[in-house]
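2 protein chains.
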Amino acid sequence: MTPDQRLVRGARSRKAITRHAVDVASVTGLNGLSLGKLADDLGLSKSGVAALFRTKEQLQLATVETAREAFLDAVVRPASDAPPGVTRLRVLIERWISYAEQPLFPGGCFWAANLPEFDSRPGPIRDALRRQHQAWLALLADEVRHATDAGEITDPDPDLAAFRIGAVLTAANIAMRLDEPDVANKVRRLLEDFLG
Amino acid sequence: MTPDQRLVRGARSRKAITRHAVDVASVTGLNGLSLGKLADDLGLSKSGVAALFRTKEQLQLATVETAREAFLDAVVRPASDAPPGVTRLRVLIERWISYAEQPLFPGGCFWAANLPEFDSRPGPIRDALRRQHQAWLALLADEVRHATDAGEITDPDPDLAAFRIGAVLTAANIAMRLDEPDVANKVRRLLEDFLG
DNA sequence: CAACAAACCGTACGATCGTTCGTACATATT
DNA sequence: AATATGTACGAACGATCGTACGGTTTGTTG
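In the order they appear, the protein sequences are chains X and P.
With the numbering used here, the residue at position 177 of the first sequence is 177, and numbering never jumps.
With the numbering used here, the residue at position 3 of the second sequence is 199, and numbering never jumps.
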């Protein structure tokens, strides 16, 4: 069962395209993507790009998925080395701040950039973005739960705590994008206040 | 000095167009605006709309300004009846929740929808949106300052408090747009916890 | 009355968009 | 060896975009 090299090639091309599309979409939004632009940027033909994803919406969906993988690699996976509870929570937050401060994507947080554009437009793209957003909040909530179970902190509503953490982080992303000073420390103070 | 009726007419037309443009932009974003679409929606000609605003960017800027006025009418001005400090802060927050829950604009908060789209794109639109965003946070901070000066609450950093309130509110807007349940009460609990 | 200005329209322009079709080539399958 | 599949391309399509020009109508100013 040797792998089909045609499919391997295709998968590699798709990945290269969506990885670049993530960068573009973090600035211009998923709607700002254009097949011609992407093709030009990568030295491909427009029809070639269009053929790999049968429609633009599928390109956008694949882009969303690629963004998720990059986010997991940069933020979530590194934190899984830390012990559950408050310390892992701290690593997650610290990683997220780096993710926004030395931007993994040139436009900052991918979801902060694209959720507002699609949250009022029903369809598979909104569904995918919402699913990922909820997964991120659920991850935070789980860690808060761990922390309360271990007695590290006391919090009556882990879901609410996760909502609050997520709110501060995405607000921090906007503030950084608007070139406001000292945002990272602002966030650290707010969240340390919460964890202490 | 009777007013020039031609200019009056023009101003009224511009207002009608930008008021509709605000609604559209709250869903599709300011980039999703199109002269042809706006003209069709309002029964005008594309070239007529284009002539009233000399360029699309100026239409977008006028749209941003119209959104600001509508926001002031719906959220800020009603709260100015309440006495400064905690109670006015409460009215502001309650008004903002209504503003997002029974949306003044069909796509929810105008700035939550458009700031992420322009925060990485230098230019007059980003500048205008940022100015308004900062004015909103400054308003919240001023009210927090009033409250601490009056001894109603104790808070070492009103700017940080405003950042926190704004963060929770915009996160609430997203959550509502994603059809999550009971968001308003979530927010009320978080902010009451802060004000109490 | 003459000159001007603004609102508004119809038309047309170049550009860009997503999509489709036919084709060439490499790889798998039978 | 014959057939099918997937990548990639060039060319062309209809649609839509922002903008520009000329002309008509209505109101203002000299």
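Quick reminder that beta carbons are idealized off the backbone N, C-alpha and C, glycines included.
How would you call serine 222 of chain P, buried or exposed, if buried means at least 16 neighbouring beta carbons within 10 angstroms?
-> buried
Of the listed residues P/Gly281, P/Ala207 and P/Ala363, nearest to glycine 392 of chain P (C-alpha basis) | For the options P/Gly281, P/Ala207 and P/Ala363, the alpha carbon positioned closest to that of glycine 392 of chain P is the one of P/Gly281.
Whole-angstrom distance between leucine 30 of chain X and asparagine 310 of chain P, CA atom to CA atom | Asparagine 310 of chain P and leucine 30 of chain X have their C-alpha atoms some 14 angstroms from each other.
Which chain X residues sit within Cβ distance under 8 angstroms of alanine 308 of chain P?
-> Pro116
Closer than 9 angstroms, Cβ to Cβ, to anything on chain X: give me those residues from the region 354-368 of chain P, in chain order.
-> Asp355, Leu356, Phe359, Arg360, Gly362, Ala363, Val364, Leu365, Thr366, Ala367 and Ala368
Write down every uninterrupted run of the alpha helix (DSSP H) in the region 53-127 of chain X whose length is 4 residues or greater and which is fully enclosed by it, in chain order.
-> 56-71, 86-101 and 110-118
Burial state of glutamine 330 of chain P (16 or more Cβ within 10 Å) | exposed
For alanine 112 of chain X and leucine 137 of chain X, believed in contact at Cβ under 8 angstroms, the rounded distance = Contact flag wrong, Cβ pair sits at about 14 angstroms.
Could you confirm whether any beta carbon from chain X is found closer than 7 angstroms to the beta carbon of leucine 374 of chain P?
-> yes
Hey, alanine 171 of chain X and alanine 363 of chain P: beta-carbon distance below 7 angstroms or not?
-> yes
Just the chain P side, please: which residues come within less than 9 angstroms of leucine 108 of chain X by C-beta, in chain order?
-> Residue 108 of chain X is actually glycine in this sequence, not leucine. The answer, in chain order, is Pro312, Asp315 and Ser316.
Determine the chain X residues that contact valine 223 of chain P at a beta-carbon separation under 8 angstroms, and present them in chain order.
-> Ser120 and Arg121
Flag arginine 215 of chain P as yes if its beta-carbon sits less than 7 angstroms from any beta-carbon of chain X, otherwise no.
-> no
6 angstroms CB neighbourhood of alanine 147 of chain X in its chain, flanking five on each side removed | Gly85, Val86 and Ile153
Going along chain P in order, which residues have a C-beta closer than 8 angstroms to the C-beta of arginine 205 of chain X?
-> The displayed coordinates of chain X run from 1 to 196. Any statement about residue 205 of chain X would go beyond what the structure contains.
Which chain P residues sit within Cβ distance under 9 angstroms of arginine 189 of chain X?
-> Asp353 and Leu356
Assign serine 230 of chain P to one of three DSSP states: helix, strand, or coil.
-> DSSP places serine 230 of chain P in coil when its eight states are reduced to three.
Are the region 252-267 of chain P and the region 205-220 of chain P touching by the rule of at least three beta carbon pairs closer than 8 angstroms?
-> With a cut-off of 8 angstroms on Cβ pairs, the region 252-267 of chain P is in contact with the region 205-220 of chain P, counting three or more such pairs.
So, are the CB atoms of leucine 33 of chain X and valine 24 of chain X less than 7 angstroms apart?
-> yes
Around the Cβ of valine 8 of chain X, are there at least 16 other Cβ atoms within 10 angstroms (buried) or fewer (exposed)?
-> Exposed, since its Cβ has fewer than 16 Cβ neighbours within 10 Å.
Assign proline 312 of chain P to buried or exposed, taking buried as 16 or more other Cβ atoms, counted over all protein chains shown, within 10 Å of its Cβ.
-> Counting Cβ neighbours within 10 Å, proline 312 of chain P comes out buried, since at least 16 surround it.
Under 8 angstroms by Cβ, that's how I've got leucine 386 of chain P and leucine 160 of chain X pegged, so tell me the actual separation to the nearest angstrom.
-> 7 angstroms
Going by C-alpha distance, which of P/Gly304, P/Leu238 and P/Leu335 is nearest asparagine 369 of chain P?
-> P/Gly304
Which of helix, strand or coil DSSP assigns to leucine 44 of chain X = Coil.
Rounded to a whole number of angstroms, what is the C-alpha to C-alpha distance between valine 287 of chain P and phenylalanine 301 of chain P?
-> For the pair valine 287 of chain P and phenylalanine 301 of chain P, the Cα-to-Cα distance works out to about 20 angstroms.
Could you have a look at glutamate 152 of chain X and say whether DSSP puts it in helix, strand or coil?
-> It is coil, neither helix nor strand.
Taking a Cβ distance cut-off of 9 angstroms, strictly less, list which residues of the region 284-296 of chain P are near chain X, in chain order.
-> none
Alpha carbon of isoleucine 204 of chain X to alpha carbon of glutamine 60 of chain X, nearest angstrom = Only positions 1 to 196 of chain X appear in this structure, which leaves residue 204 of chain X out of reach.
Inter-residue Cα distance where the pair is glycine 232 of chain P and serine 241 of chain P = 8 angstroms
Relative to the alpha-carbon of alanine 50 of chain X, which residue among X/Val75, X/Ala70 and X/Gly10 has its alpha-carbon at the smallest distance?
-> Among X/Val75, X/Ala70 and X/Gly10, the Cα nearest to that of alanine 50 of chain X is on X/Gly10.
Just checking my contact of serine 13 of chain X with leucine 52 of chain X at CB under 8 angstroms: how many whole Å lie between their CB atoms?
-> 6 angstroms
Straight-line Cα distance separating glycine 48 of chain X from glutamine 5 of chain X | 18 angstroms
Could you check what DSSP says for glycine 159 of chain X in three-state terms: helix, strand or coil?
-> Residue identity differs from the one stated: residue 159 of chain X is aspartate in this sequence, not glycine. Helix, per DSSP.
For lysine 382 of chain P, which residues in chain X fall below 8 angstroms Cβ to Cβ?
-> In chain order: Leu160 and Phe163.
State the CB to CB distance for the pair aspartate 315 of chain P and leucine 178 of chain X, rounded to an integer number of angstroms; the pair is presumed to be in contact (CB under 8 angstroms).
-> Confirmed, Cβ separation roughly 6 angstroms.
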